[in-house]
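Encoded as structure tokens, the structure appears first; notes follow it.
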Amino acid sequence: MKNLDSVFAAYLFAWGIFFVYYLTVARRTAALREDIERLKSSLSRGK
Amino acid sequence: MTKHALGIAAVVFLLAAAAYGSFFVAPTDVRQGLIYRILFLHVSSAWTGLTAFFICFVANLMYVWRRAPRWDWLGVSAAEVGLAFTTVVLVTGPIWAHPVWGMWWTWDARLTSTFVLWLLYVAYLLLRTLVEEPDRRALFSALFGIFAFLDVPLVFGSIRWWRTQHPQPVVMGEPGSGLDPTMWSVLRFSWLAMLCLMTLLLLARYRLEAMRGDLEIVRREAEAA
Numbered sequence: 207m208k209n210l211d212s213v214f215a216a217y218l219f220a221w222g223i224f225f226v227y228y229l230t231v232a233r234r235t236a237a238l239r240e241d242i243e244r245l246k247s248s249l250s251r252g253k
Numbered sequence: 002m003t004k005h006a007l008g009i010a011a012v013v014f015l016l017a018a019a020a021y022g023s024f025f026v027a028p029t030d031v032r033q034g035l036i037y038r039i040l041f042l043h044v045s046s047a048w049t050g051l052t053a054f055f056i057c058f059v060a061n062l063m064y065v066w067r068r069a070p071r072w073d074w075l076g077v078s079a080a081e082v083g084l085a086f087t088t089v090v091l092v093t094g095p096i097w098a099h100p101v102w103g104m105w106w107t108w109d110a111r112l113t114s115t116f117v118l119w120l121l122y123v124a125y126l127l128l129r130t131l132v133e134e135p136d137r138r139a140l141f142s143a144l145f146g147i148f149a150f151l152d153v154p155l156v157f158g159s160i161r162w163w164r165t166q167h168p169q170p171v172v173m174g175e176p177g178s179g180l181d182p183t184m185w186s187v188l189r190f191s192w193l194a195m196l197c198l199m200t201l202l203l204l205a206r207y208r209l210e211a212m213r214g215d216l217e218i219v220r221r222e223a224e225a226a
């Protein structure tokens, strides 16, 4: 089982990169949604 | 369960099946042993990254032609997703190279052109943060994206045109090159799983960019009112 740790490390890094990237996209989307809601409510207050 | 959650579950299942195939279905390579199994992850990520950059290139061309914001949104989304896949390529490659070559990295044509590709798309994303006006930003980044894509044929051809430390192509290579049929099937399945992951990430990123575009329009209207 030579180099098994390297193979696991490669898979772990790869899945980690994809997972973290997906999380950043989800977080940015949630933050933007909040911005839109805030803007909508401030616009409706101004009317 | 929502459509989105179902999509995530399907992609996770495909990725798990691809990993199972890489570890338990593909036969062990006689010369490299276990370490060659990184190939299924590394090569499929590389092909998927290049596919994402191709989508970015087409979107950039379409933006220059049509000037419709949706092409800009698709371009930046594909560039970012392609960058994530190319990062995986640049991380998994050295992990494979260290036990096989005895070194993590060498500046041969394939590795250098791939690293340059990664830098070009980082520059593409950075460029977007420097231009505030949306239409100018979209046009500049589309033109830069078209220029950045010129490196993709170089990455593809590097191991065919020059002598490199990186292995010669096993797919679309010279006569006599190729993979064992089971390895080839596992590699194709891994690529399919990666393409599904790319589609999922691309859709999520596109939604974010479309929301940003809408927000910019609302802000402009609010400022004008």
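Those sequence lines, one after another, are chains A and B. Each residue of the first sequence is one higher than the one before, starting from 207 at the first, in the numbering used here. Each residue of the second sequence is one higher than the one before, starting from 2 at the first, in the numbering used here. Yeah, the Cβ is synthetic: ideal placement off N, Cα and C, and Gly gets one too. Because the structure is a prediction, the values reported are computed rather than measured.
- Rounded to whole angstroms, B:Trp74 and B:Leu202 show a C-alpha spacing of 13 Å.
- Around A:Phe225, no beta-carbon contact reaches into chain B at under 9 Å, the shortest distance being about 10 Å.
- B:Arg71: member of the alpha helix (DSSP H) spanning 70-102, first to last residue.
- In the three-state DSSP reduction, B:Gly158 falls in the helix class (H, G or I).
- A direct Cα-Cα distance of roughly 37 Å separates B:Gly214 from B:Ala18.
- Under the three-state reduction of DSSP output, B:Gly34 falls in the strand class.
- Nearest in C-alpha terms to B:Phe54, of all of B:Asp152, B:Phe141, B:Glu134, B:Trp105, is B:Asp152.
- Taking 7 Å as the Cβ-Cβ cut-off, the segment 13-37 of chain B approaches chain A at Ala20, Gly34, Leu35, Ile36, given in chain order.
- Distances from the CA of B:Thr107 to each of B:Met195, B:Pro168, B:Ala225, B:Asp136 were compared; the closest alpha carbon is that of B:Pro168.
- Shortest Cα-Cα distance from B:Leu120 to any of B:Leu84, B:Val92, B:Arg137 involves B:Leu84.
- Interface residue (Cβ-Cβ distance to chain A less than 8 Å): B:Val44 is not classified as such.
- Taking the Cβ atoms as the reference, B:Ile39 lies roughly 6 Å from B:Ile96, within the contact range of under 8 Å.
- The beta-carbon distance between A:Thr230 and B:Met212, rounded to whole angstroms, is 15 Å. This is too long to meet the 8 Å contact definition.
- Think of a sphere of 7 Å around the beta carbon of A:Leu249: the chain B residues whose beta carbon falls inside it are Ala223, in chain order.
- With fewer than 16 other Cβ atoms from the protein chains shown falling within 10 Å of its own Cβ, A:Ser250 counts as exposed.
- Taking the beta carbon of B:Thr200 as reference, no residue of chain A falls within 7 Å; the closest one sits roughly 13 Å away.
- For B:Met195, the three-state secondary structure derived from DSSP is helix.
- For the 8 Å CB-CB criterion, B:Pro28 and B:Thr183 form a contact.
- With its beta carbon less than 8 Å from one in chain B, A:Arg234 belongs to the interface.
- With respect to chain B, the C-beta atom of A:Leu245 has a partner C-beta closer than 8 Å.
- Between B:Glu81 and the set B:Glu224, B:Leu204, B:Ala225, B:Glu222, the nearest pair of CA atoms involves B:Leu204.
- B:His43: member of the alpha helix (DSSP H) spanning 39-67, first to last residue.
- With a threshold of 16 other beta carbon atoms within 10 Å, A:Tyr217 meets it and is buried.
- Among the residues of chain B, none has a CB under 9 Å from the CB of A:Leu229; the nearest is roughly 11 Å distant.
- In the displayed model, B:Phe150 falls within coil according to three-state DSSP, outside both helix and strand.
- Chain A has no Cβ within less than 8 Å of the Cβ of B:Ala98.
- Residue contact check for B:Ile56 against chain A: no CB pair falls below 8 Å.
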